[in-house]
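As given, the protein sequences belong to chains H and F, one line each in that order. Residue 1 is where the first sequence starts when you use the numbering used here, and the numbers rise one by one after that. Residue 1 is where the second sequence starts when you use the numbering used here, and the numbers rise one by one after that. Just so it is clear, CB atoms sit at the ideal spot from N, CA and C, and this is done for glycine as well. Just so you know, these numbers come straight off a predicted model, no measurement behind them. One structure below.
Protein chains: 2
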Amino acid sequence: MEKIKKITLSEDEIPRHWYNIVADMVNKPLPPLHPGTLEPIGPEALAPLFPMELIKQEVTQEKFIEIPEEVREVYKIWRPTPMFRAYNLEKALDTPAKIYYKYEGVSPAGSHKPNTAVPQAYYNMKEGIKKISTETGAGQWGSALSFACQFFGIECEVFMVKVSYEGKPYRKIMMNTWGATVHASPSNLTNAGRQILAQDPNSPGSLGIAISEAVEVAAMNEDTKYALGSVLNHVLMHQTIIGEESRIQMEKAGDYPDIIIAPFGGGSNFAGITFPFLRDKLEGTRNVRAIAVEPTSCPKLTRGQFRYDFGDTIGMTPLIPMYTLGHNFVPSPIHAGGLRYHGAGAIVSQLLNDKIIEATAINQIECFKAGVLFARTEGIIPAPEANHAIAEVIRQANICKEEGSSKTILFNLCGHGNFDMGSYEQFFAGKLVDFEVTAQQIEASLAELNTPTIG
Amino acid sequence: MEKIKKITLSEDEIPRHWYNIVADMVNKPLPPLHPGTLEPIGPEALAPLFPMELIKQEVTQEKFIEIPEEVREVYKIWRPTPMFRAYNLEKALDTPAKIYYKYEGVSPAGSHKPNTAVPQAYYNMKEGIKKISTETGAGQWGSALSFACQFFGIECEVFMVKVSYEGKPYRKIMMNTWGATVHASPSNLTNAGRQILAQDPNSPGSLGIAISEAVEVAAMNEDTKYALGSVLNHVLMHQTIIGEESRIQMEKAGDYPDIIIAPFGGGSNFAGITFPFLRDKLEGTRNVRAIAVEPTSCPKLTRGQFRYDFGDTIGMTPLIPMYTLGHNFVPSPIHAGGLRYHGAGAIVSQLLNDKIIEATAINQIECFKAGVLFARTEGIIPAPEANHAIAEVIRQANICKEEGSSKTILFNLCGHGNFDMGSYEQFFAGKLVDFEVTAQQIEASLAELNTPTIG
Chain H
1 MEKIKKITLS EDEIPRHWYN IVADMVNKPL PPLHPGTLEP IGPEALAPLF PMELIKQEVT
61 QEKFIEIPEE VREVYKIWRP TPMFRAYNLE KALDTPAKIY YKYEGVSPAG SHKPNTAVPQ
121 AYYNMKEGIK KISTETGAGQ WGSALSFACQ FFGIECEVFM VKVSYEGKPY RKIMMNTWGA
181 TVHASPSNLT NAGRQILAQD PNSPGSLGIA ISEAVEVAAM NEDTKYALGS VLNHVLMHQT
241 IIGEESRIQM EKAGDYPDII IAPFGGGSNF AGITFPFLRD KLEGTRNVRA IAVEPTSCPK
301 LTRGQFRYDF GDTIGMTPLI PMYTLGHNFV PSPIHAGGLR YHGAGAIVSQ LLNDKIIEAT
361 AINQIECFKA GVLFARTEGI IPAPEANHAI AEVIRQANIC KEEGSSKTIL FNLCGHGNFD
421 MGSYEQFFAG KLVDFEVTAQ QIEASLAELN TPTIG
Chain F
1 MEKIKKITLS EDEIPRHWYN IVADMVNKPL PPLHPGTLEP IGPEALAPLF PMELIKQEVT
61 QEKFIEIPEE VREVYKIWRP TPMFRAYNLE KALDTPAKIY YKYEGVSPAG SHKPNTAVPQ
121 AYYNMKEGIK KISTETGAGQ WGSALSFACQ FFGIECEVFM VKVSYEGKPY RKIMMNTWGA
181 TVHASPSNLT NAGRQILAQD PNSPGSLGIA ISEAVEVAAM NEDTKYALGS VLNHVLMHQT
241 IIGEESRIQM EKAGDYPDII IAPFGGGSNF AGITFPFLRD KLEGTRNVRA IAVEPTSCPK
301 LTRGQFRYDF GDTIGMTPLI PMYTLGHNFV PSPIHAGGLR YHGAGAIVSQ LLNDKIIEAT
361 AINQIECFKA GVLFARTEGI IPAPEANHAI AEVIRQANIC KEEGSSKTIL FNLCGHGNFD
421 MGSYEQFFAG KLVDFEVTAQ QIEASLAELN TPTIG
């Protein structure tokens with residue numbers, strides 16, 4: 001056994017600001033468009049869905065946004081999160097690379113999602129909102145928002161994709177335990193749900209349908225707003241608490257990352273750990289490679305198109321400038337549910353287009369192999385999403401070994417695998433499958449779009 | 001929302017010694033007896049099952065035992081654990097009591113069990129042991145030992161009670177992920193297992209049978225030893241790391257507990273948090289009430305008899321002086337699997353007999369109500385075992401309210417409920433049942449014993 005190096009911070013060191021990377025981008029992210037007029041939408045168009053403070057954060061050019069005292073209070077339940085030097089993994093890989101990881105699974109919801117759920121609940125409470133509606137797939141985001149709402153006396157209503165509602169009941173019970181109401185989606189409670197059920201009473205649901213239902217509930221009720229767990233600018237910004245803490249921890253370790261790696265679903269996890277370091281890159285003071293890892297079954301960053309597309313399947317949201325596979329693209333049922341989204345947020349898409357960041361795609365079997373090696377060396381069982389980062393870390397560490405270079409690699413261990421043991425069971429039983437997406441499938445999905453292209 | 005008060009320690013403050021309460025006891029725990037000769041057994045009789053260093057710790061009279069550097073290294077993955085002042089729970093109860101809790105669920109295995117699993121694996125490694133066998137019921141102990149063994153290159157073989165093996169597969173997969181081999185017990189791999197299967201091929205297994213299988217594997221193989229997760233003196237001592245940290249944290253909070261509360265299964269969780277404070281009581285410098293909380297369905301402390309009894313069901317272990325319901329007592333199937341053991345360890349039994357500590361029994365429905373209130377105020381979903389402590393905390397806080405006294409209450413939140421959501425589901429569905437044990441049942445179970453009585 002190698003020694004354990006944990007880099008901890010005191011509570012006083014919880015950062016007091018989130019970082020807004022937009023302030024430092026040369027090419028700013030393109031504005032969202034109204035799907036009817038194709039004109040840029042103003043903040044007022046978002047008012048039925050979000051409280052004003054979050055809309056301001058969505059469009060602000062300010063570089064740092066102060067974290068409210070009440071939000072920092074709730075953060076203290078699990079923050080600052082630890083950073084570890086992965087000596088035992090390094091030894092197993094026989095690599096000269098130095099591997100660090102930031103561990104976000106210590107939150108009561110088990111992932112990084114509460115970092116934005118808490119401020120979203122807080123700003124809604126400040127503006128007198130009584131209820132927040134949202135959607136959830138496998139349940140990570142829904143449970144984070146349920147956890148957050150109770151601290152501010154806000155009701156939480158979650159539309160959970162029916163196939164998950166029935167197949168993964170434990171995340172639902174977790175939300176109930178935190179006081180949230182959870183509906184299987186499609187439901188009879190909304191026009192969107194009823195419309196789908198009329199076409200197919202046995203519809204298994206989808207994230208797109210669930211978004212439509214949650215948005216409808218917020219739009220129809222004065223005292224109800226909607227919340228999203230990724231993609232949007234303000235959501236990504238809240239997650240920069242991860243990277244801001246990591247900067248202090250790397251400094252304490254006397255080191256600085258050459259490469260930062262994170263899994264990629266809608267972008268919040270990746271943005272959270274990389275943006276505060278990319279600040280140095282954009283300011284021209286340091287260089288760092290930031291690598292987003294997506295599943296090969298949902299390769300929007302590596303094989304998608306940079307153009308305008310809807311955020312949901314049904315087409316109710318504004319048009320967002322994104323790397324996308326098309327909003328009708330249905331990814332294969334891989335176990336990293338949090339990475340099965342057709343598009344990337346506007347900021348991350350612009351950064352990728354400008355070659356400020358990189359992306360790669362990895363198959364799930366390689367990811368689970370990496371996750372098991374990590375569990376057996378470092379002692380923490382990662383969520384399937386996090387396994388994608390670990391697989392790329394191992395690839396990079398092997399390159400370091402070949403080259404004989406001792407680069408510093410940092411990655412975001414965004415959550416634990418306590419609710420994902422069924423997927424590990426399938427892995428051990430040899431039942432996991434890798435899904436290839438053909439060029440024809442991507443072309444066909446993109447060909448359906450009649451939204452504006454970019455550039 | 002009330003403010004959050006988290007009392008953290010730095011890594012340097014991880015205690016360097018475990019506390020052995022035996023050194024301070026006026027009436028020492030009685031020795032274990034050989035079941036054939038009824039003579040006290042010497043350390044040599046334990047040599048086939050445990051490494052010498054653990055046998056020494058089992059019988060030592062030294063007050064403090066140094067924690068090896070390698071063990072402190074692994075502890076650093078999750079230790080020091082946080083302590084919280086439960087302001088939001090206090091507010092919900094409208095009590096003048098000050099409530100603190102120590103949170104042990106931050107370990108990768110999700111409970112306090114790795115505190116002893118890690119040193120047990122370490123001492124076995126030091127003495128050249130290649131494999132450790134053990135039993136597990138619902139899986140908390142088995143996963144903690146699997147986690148610990150991998151750091152020291154030791155194979156781990158777990159006999160898991162068949163009904164749990166089949167009904168709760170996720171704990172099994174967790175052990176597999178950490179590299180352990182897990183068998184459903186009774187198995188065809190041991191004489192004990194084959195004997196049971198010959199009588200009943202469909203036997204659902206029991207903790208007693210699983211212990212017999214694990215002990216047999218250790219006894220028959222030179223390079224294999226056995227490990228136990230509670231009851232024994234050295235196991236309880238390893239857990240005092242919880243209370244030693246808590247002492248420093250209470251001091252930092254400028255407070256000292258009037259009452260300490262912990263759930264009670266075999267005694268390790270309770271011993272862990274209370275013994276370091278009981279040191280002051282035994283030395284006569286401070287007073288503190290230590291309350292063990294057991295389920296009413298398994299009331300060995302409140303309704304059992306203090307006498308010699310076997311640690312396992314089949315009768316393979318030495319005779320231990322314990323508060324017991326009889327080793328054939330089969331508790332009702334409540335959800336706090338970790339509290340379904342027929343007896344209490346020798347030290348705790350002596351302390352209870354000497355009225356140094358107290359005990360109480362609570363029904364599971366009251367416990368789950370308490371757990372849900374805790375989740376909705378403090379944000380952490382507790383394990384069913386921990387709910388027993390919370391229920392008693394609420395009772396004591398209500399007494400403080402009636403009396404208008406602002407006592408300081410500390411409890412051990414020994415684990416999170418991530419693997420127990422099925423029991424919360426039953427609670428919400430109104431399907432939980434409280435089980436009463438009749439005086440006749442206890443009398444009948446004790447009447448079967450022909451082991452020596454005490455006093």
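Which residues in the same chain have their Cβ closer than 6 Å to the Cβ of residue 115 (chain H), if we skip the five residues on either side of it in sequence?
Once the five neighbours on either side are set aside, the close Cβ partners of residue 115 (chain H) are 238, 239 and 241.
If you compare alpha carbons, which of H:66, H:94, H:46 and H:69 is closest to residue 399 (chain H)?
If you compare the alpha carbons of H:66, H:94, H:46 and H:69 with that of residue 399 (chain H), the shortest gap goes to H:94.
Less than 8 Å between the CB atoms is what I'm expecting for residue 345 (chain F) and residue 231 (chain F), so what's the real figure, rounded?
Contact between residue 345 (chain F) and residue 231 (chain F) holds, with the beta-carbon distance rounding to 4 Å and staying under 8 Å.
Assuming the contact rule is C-beta atoms closer than 8 Å, residue 3 (chain H) and residue 87 (chain H) should be a hit. Round their C-beta distance to whole Å, please.
Residue 87 (chain H) and residue 3 (chain H) do touch by the CB rule: their CB atoms are close to 6 Å apart, below 8 Å.
Residue 178 (chain H) - DSSP class collapsed to helix/strand/coil
Of the three classes helix, strand and coil, the one that applies to residue 178 (chain H) here is coil, per DSSP.
Applying a beta-carbon distance threshold of less than 7 Å, which residues of chain F neighbour residue 174 (chain H)?
From the beta-carbon of residue 174 (chain H), the residues of chain F found nearer than 7 Å are 381 and 421.
Taking 7 Å as the threshold (C-beta atoms), are residue 97 (chain H) and residue 261 (chain H) in contact?
The Cβ atoms of residue 261 (chain H) and residue 97 (chain H) lie no closer than 7 Å to each other.
Among the candidates F:11, F:163 and F:316, whose CA atom is the shortest distance from the CA of residue 212 (chain F)?
Comparing Cα positions, the closest option is F:316.
Just by C-beta distance, which residues in the stretch 151-169 of chain H are closer than 7 Å to chain F?
Flagged, chain order: 151, 152 and 169.
Am I right that residue 415 (chain F) and residue 348 (chain F) are in contact with their C-beta atoms under 8 Å? What's the rounded C-beta distance?
Not a contact, Cβ separation roughly 19 Å.
How many whole angstroms separate the CB atoms of residue 358 (chain H) and residue 291 (chain H), which I take to be in contact at a CB cut-off of 8 Å?
That pair is a contact at about 5 Å.
Applying the criterion that 16 or more other CB atoms from any shown protein chain within 10 Å of the CB defines a buried residue, is residue 350 (chain H) buried or exposed?
Flag for residue 350 (chain H) reads buried.
What does a CB cutoff of less than 6 Å around residue 190 (chain F) pick up in its chain, not counting 5 residues either side in sequence?
When the five nearest sequence neighbours on each side are left out, the beta carbons in the same chain lying within less than 6 Å of the beta carbon of residue 190 (chain F) are those of 213 and 216, in order along the chain.
Out of F:187, F:193, F:107 and F:161, which has the shortest C-alpha to C-alpha gap to residue 456 (chain F)?
Only positions 1 to 455 of chain F appear in this structure, which leaves residue 456 (chain F) out of reach.
N- and C-terminal bounds of the alpha helix (DSSP H) containing residue 280 (chain F)
For residue 280 (chain F), the enclosing alpha helix (DSSP H) covers residues 268-283.
Is the CB of residue 108 (chain H) under 7 Å away from at least one CB in chain C?
Here the protein chains are H and F, and chain C is not one of them.
On the CB-based measure, 16 or more other CB atoms within 10 Å of its CB, does residue 325 (chain F) come out buried or exposed?
The residue in question, residue 325 (chain F), is buried, as its Cβ has 16 or more Cβ neighbours within 10 Å.
Should residue 72 (chain H) be flagged as near chain F, meaning a C-beta pair shorter than 7 Å?
So no, residue 72 (chain H) is outside the interface.
Beta-carbon proximity of residue 337 (chain H) to residue 381 (chain H), cut-off 7 Å:
The answer is no: Cβ separation not under 7 Å.
At a CB distance below 9 Å, what residues from the stretch 352-379 of chain H approach chain F? Give them in sequence order.
So the list reads 371, 372, 375, 376, 377, 378 and 379, given in the order they occur along the chain.
Give me the subset of the stretch 94-126 of chain H whose CB atoms are less than 8 Å from a CB atom of chain F, sorted by chain position.
Listed by position along the chain: 106, 108 and 110.
How many Å lie between residue 440 (chain H) and residue 202 (chain H) at the Cα?
Note on geometry: alpha-carbon atoms of residue 440 (chain H) and residue 202 (chain H) lie some 29 Å from one another.
Suppose contacts are defined by Cβ-Cβ distances below 7 Å. Is residue 408 (chain H) in contact with residue 263 (chain H) by that definition?
Their beta carbons are not under 7 Å apart, which means residue 408 (chain H) does not touch residue 263 (chain H) by this criterion.
At 4 residues or longer, and completely inside the stretch 320-378 of chain H: list those alpha helix (DSSP H) runs for me, N to C.
The DSSP assignment places 346-353 and 364-378 as complete runs of the alpha helix (DSSP H) inside the stretch 320-378 of chain H, in order along the chain (cut-off: 4 residues).
Which of the three DSSP states is assigned to residue 84 (chain H) in this structure?
Looking at residue 84 (chain H) - three-state DSSP - the assignment turns out to be strand.
Count the C-beta pairs between the stretch 35-45 of chain H and the stretch 304-324 of chain H that are closer than 8 Å, then say yes if the count reaches three, no if not.
As far as the Cβ criterion goes, the stretch 35-45 of chain H touches the stretch 304-324 of chain H, which means the pair count is three or higher.
Cβ shell of residue 246 (chain H) (< 8 Å), same chain only, five flanking positions each side left out:
Cβ neighbours of residue 246 (chain H) beyond the five flanking positions: 83, 102, 273, 276, 277 and 410.
The beta strand (DSSP E) spanning residue 131 (chain H) covers which residue range?
According to the DSSP assignment, residue 131 (chain H) belongs to the beta strand (DSSP E) that extends over 131-136.
From this set, H:453, H:222, H:158 and H:56, which residue's C-alpha is nearest residue 309 (chain H)'s C-alpha?
Nearest of H:453, H:222, H:158 and H:56 to residue 309 (chain H), Cα basis: H:453.
Alpha-carbon spacing of residue 49 (chain H) relative to residue 450 (chain H), whole angstroms:
Rounded to the nearest whole angstrom, the CA to CA distance from residue 49 (chain H) to residue 450 (chain H) is 25 Å.
Residue from F:379, F:445 and F:320 with nearest C-alpha to residue 118 (chain H):
Nearest Cα to residue 118 (chain H) within the set F:379, F:445 and F:320: F:379.
Pull up the CB-CB distance for residue 269 (chain F) and residue 112 (chain F), whole angstroms please, since I reckon it's below 8 Å.
Between residue 112 (chain F) and residue 269 (chain F) the Cβ distance is about 6 Å, and since that is below 8 Å, they are a contact.
Determine the DSSP secondary structure at residue 236 (chain H), reduced to helix, strand or coil.
DSSP places residue 236 (chain H) in helix when its eight states are reduced to three.
Do residue 15 (chain H) and residue 123 (chain H) count as a contact pair if the criterion is CB distance below 7 Å?
Not a contact, by the Cβ cut-off of 7 Å.
Going along chain H in order, which residues have a C-beta closer than 8 Å to the C-beta of residue 11 (chain F)?
The answer, in chain order, is 6 and 8.
At a Cβ threshold of 7 Å, is residue 322 (chain F) touching chain H?
So, not an interface residue.
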